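In terms of my numbering, the numbers along the sequence shown are unbroken and rise by one, the last being 926. We put the CB at the ideal spot given by N, CA and C, even for glycine. Predicted model only: the values in this text are computed from it and were never measured.
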Amino acid sequence: MKTNTNRRVALITGANRGVGLQTAKDLGPEGVILLLGARDLPKGEAEAEKMRQEAFEAEAATWM
């Protein structure tokens, strides 16, 4: 089995709205794995779910 180790990962802060959200939407179609940083985790998870429905690989994360 051949493993692809050339995939890109992007941690995008503020990804549940504004410039961060648009950046995620721009990178998703390019096959980038999206880690959506959001202060409000439920909002970040909601955006990640929308992106997964568009066949993007996305997960939400928060920090404190």
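Own chain residues within Cβ distance below 7 Å of residue 903, not counting five before or after: 922 and 924
Candidates 899, 881 and 879, of which the one nearest residue 871 by Cα: Of the candidates 899, 881 and 879, the residue whose Cα lies closest to the Cα of residue 871 is 899.
Report the option in 878, 880 and 895 whose CA atom is closest to the CA atom of residue 868. 895
Counting only the same chain and skipping the five closest in sequence on each side, list residues whose C-beta sits under 7 Å from that of residue 873. 897 and 899
What is the DSSP secondary structure of residue 875, reduced to helix, strand or coil? strand
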